[in-house]
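The structure appears right after this line, and notes come after that.
Residue numbers (the working numbering): 8 to 443.
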């Protein structure tokens with residue numbers, strides 16, 4: 008069993024860099040399959056989901072090598088079009104490989120994807136987009152069999168701005184015959200970066216960062232090298248961690264413009280923020296002296312407040328001074344972390360899609376269980392504000408998206424460490440930090 012131990016009530020101070028973005032890296036890795044050659048990605052985070060995607064790519068015939076934070080993918084040959092079930096059940100984003108395999112090989116086989124257990128996340132919009140582009144899909148015993156005589160450009164109108172479905176449609180359209188128009192596309196920064204990578208490879212995508220994307224299909228792509236941006240969700244997590252513990256910190260390597268709504272919540276709760284968005288020198292500085300105030304927040308697709316930071320914000324509110332409310336509109340059943348926060352003394356009421364958090368009550372260390380990636384990170388935040396030691400079990404969920412959460416927080420002065428890990432991701436220097 009993997010555990011993280013957090014000793015609370017120690018103020019944070021210092022400066023850290025933010026790892027590469029998980030949600031940008033995974034679709035970029037999938038995009039490499041479209042090219043019969045080499046793709047090099049820099050600033051790749053060394054996290055479990057990246058290792059899982061590498062396993063998938065190797066299983067279908069790609070050659071992958073990760074040197075530090077530089078990932079080289081050689082997709083010259085694809086030996087099979089079936090995605091092994093063990094990978095699909097571990098990581099939801101693996102489903103976007105259907106579009107690239109259909110574009111490259113005209114067929115794909117996959118089971119329903121896995122990932123975090125945070126409510127219903129159907130893939131009907133993924134399948135709709137692929138069918139609109141000329142794919143025949145058959146489902147048997149939980150397996151999806153997809154085949155096409157050649158993907159065709161089409162007009163795709165999404166009823167909801169799904170990130171995964173938008174990525175699926177973009178990836179499938181790159182090698183399709185003709186023009187694809189995607190309306191109602193998600194506008195998350197990670198999609199913009201995926202489109203820019205594809206354009207570097209020779210794709211023809213316009214309308215980037217808007218809700219309407221126009222893609223002119225091409226016959227082939229070319230070798231490229233691309234830098235993955237910093238992870239805005241990790242940056243938001245660490246911003247809230249500093250606010251929960253109190254103190255002052257500088258976070259480097261992230262685009263501040265991607266965090267406008269998060270900054271708004273932080274300022275409303277009492278934090279002082281400064282930032283610069285200079286090429287190669289961007290940073291965020293956060294300072295807070297008092298316990299944060301409660302606020303009202305609604306999650307929504309970008310540029311709204313990100314659902315991935317809902318649980319960390321809930322933990323921060325629980326450690327705060329006042330009442331607040333979070334309305335979750337993106338995923339069902341994403342308030343599972345509330346029960347674990349209650350074990351620490353948090354006062355939280357759940358009513359359908361709303362969580363009411365009553366601050367002003369002290370948190371105390373206890374043993375809690377991480378059930379998903381962002382919920383686990385939220386428990387770390389709560390532990391920083393709790394009296395005594397908080398033991399977070401099943402912390403392997405956190406490793407799916409955070410490269411070295413303990414090492415990063417230690418660099419800011421937190422008393423947090425790993426314990427008794429069976430599997431441990433590598434740190435930013437490529438060294439294992441067992442039992443820090």
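Just so it is clear, CB atoms sit at the ideal spot from N, CA and C, and this is done for glycine as well.
Remember, predicted model here, so these are calculated numbers, not experimental data.
Per DSSP, residue i forms a beta bridge with which residues?
i, result
"residue 425", "11"
"residue 77", "74"
"residue 362", "333, 357"
"residue 257", "22, 292"
"residue 235", "Answer is none; residue 235 lacks a bridge partner."
"residue 394", "371"
"residue 118", "150"
"residue 188", "162, 221"
"residue 328", "300"
"residue 350", "Per DSSP, none; premise fails for residue 350."
"residue 174", "According to DSSP, which records beta bridges pairwise, residue 174 is partnered with nothing at all."
"residue 268", "None; residue 268 has no bridge partner."
"residue 16", "None, per the DSSP bridge assignment."
"residue 281", "292"
"residue 27", "237"
"residue 399", "11, 375"
"residue 305", "334"
"residue 213", "221"
Rounding to the nearest angstrom, what Cα-Cα distance links residue i and residue j in this structure?
i, j, result
"residue 309", "residue 92", "31 Å"
"residue 88", "residue 42", "15 Å"
"residue 192", "residue 181", "15 Å"
"residue 223", "residue 82", "22 Å"
"residue 173", "residue 391", "37 Å"
"residue 5", "residue 145", "Nothing in the structure corresponds to residue 5, since the chain is present only between 8 and 443."
"residue 168", "residue 194", "8 Å"
"residue 125", "residue 317", "Summary for residue 125: the model assigns pLDDT 38, below 50, so the residue's position carries little reliability; its value from the coordinates is reported in the next sentence. Looking at the two C-alpha atoms, the distance is approximately 12 Å."
"residue 34", "residue 98", "12 Å"
"residue 54", "residue 362", "30 Å"
"residue 374", "residue 197", "35 Å"
"residue 315", "residue 405", "13 Å"
"residue 116", "residue 96", "14 Å"
"residue 100", "residue 46", "19 Å"
"residue 68", "residue 58", "16 Å"
"residue 4", "residue 142", "What is shown of the chain runs 8 to 443, which leaves residue 4 out entirely."
"residue 372", "residue 30", "31 Å"
"residue 129", "residue 162", "21 Å"
"residue 290", "residue 231", "27 Å"
"residue 336", "residue 324", "19 Å"
"residue 296", "residue 102", "44 Å"
"residue 76", "residue 24", "14 Å"
"residue 395", "residue 389", "11 Å"
"residue 311", "residue 353", "26 Å"
"residue 114", "residue 62", "20 Å"
"residue 313", "residue 306", "6 Å"
"residue 121", "residue 383", "The pLDDT assigned to residue 121 is 49, lower than 50, so where the model puts this residue is not dependable; a value taken from the coordinates is nonetheless given after this. When rounded, the distance between both Cα atoms is 17 Å."
"residue 1", "residue 333", "The question about residue 1 has no answer here: the residues shown for the chain are numbered 8 through 443."
"residue 149", "residue 105", "15 Å"
"residue 49", "residue 80", "11 Å"
"residue 303", "residue 284", "28 Å"
"residue 78", "residue 44", "14 Å"
"residue 166", "residue 188", "14 Å"
"residue 330", "residue 410", "33 Å"
"residue 9", "residue 426", "7 Å"
"residue 18", "residue 420", "7 Å"
"residue 328", "residue 364", "10 Å"
Are there 16 or more other CB atoms within 10 angstroms of the CB of residue i, so buried, or fewer, so exposed?
i, result
"residue 184", "exposed"
"residue 274", "exposed"
"residue 64", "buried"
"residue 170", "buried"
"residue 456", "Given a span of 8 to 443 for the chain in the structure shown, any question on residue 456 remains unanswerable."
"residue 287", "exposed"
"residue 264", "exposed"
"residue 379", "buried"
"residue 175", "buried"
"residue 347", "buried"
"residue 56", "buried"
"residue 213", "exposed"
"residue 201", "buried"
"residue 86", "exposed"
"residue 108", "buried"
"residue 236", "buried"
Can you give the beta carbon distance from residue i to residue j, rounded, assuming they're within the 8 Å contact cut?
i, j, result
"residue 12", "residue 424", "5 Å"
"residue 344", "residue 385", "5 Å"
"residue 418", "residue 21", "6 Å"
"residue 136", "residue 179", "7 Å"
"residue 73", "residue 40", "So it is not a contact: roughly 17 Å between Cβ atoms."
"residue 255", "residue 293", "7 Å"
Would residue i count as contacting chain B if we go by Cβ distances under 8 Å?
i, result
"residue 100", "The structure shown contains no chain B, having only a single protein chain."
**Request:** Can you check the segment 40-106 for any alpha helix (DSSP H) of at least 4 residues that lies completely inside it and give the ranges in chain order?
**Result:** At a cut-off of 4 residues, the continuous stretches assigned as alpha helix (DSSP H) that sit fully inside the segment 40-106 are 55-66, 92-95.
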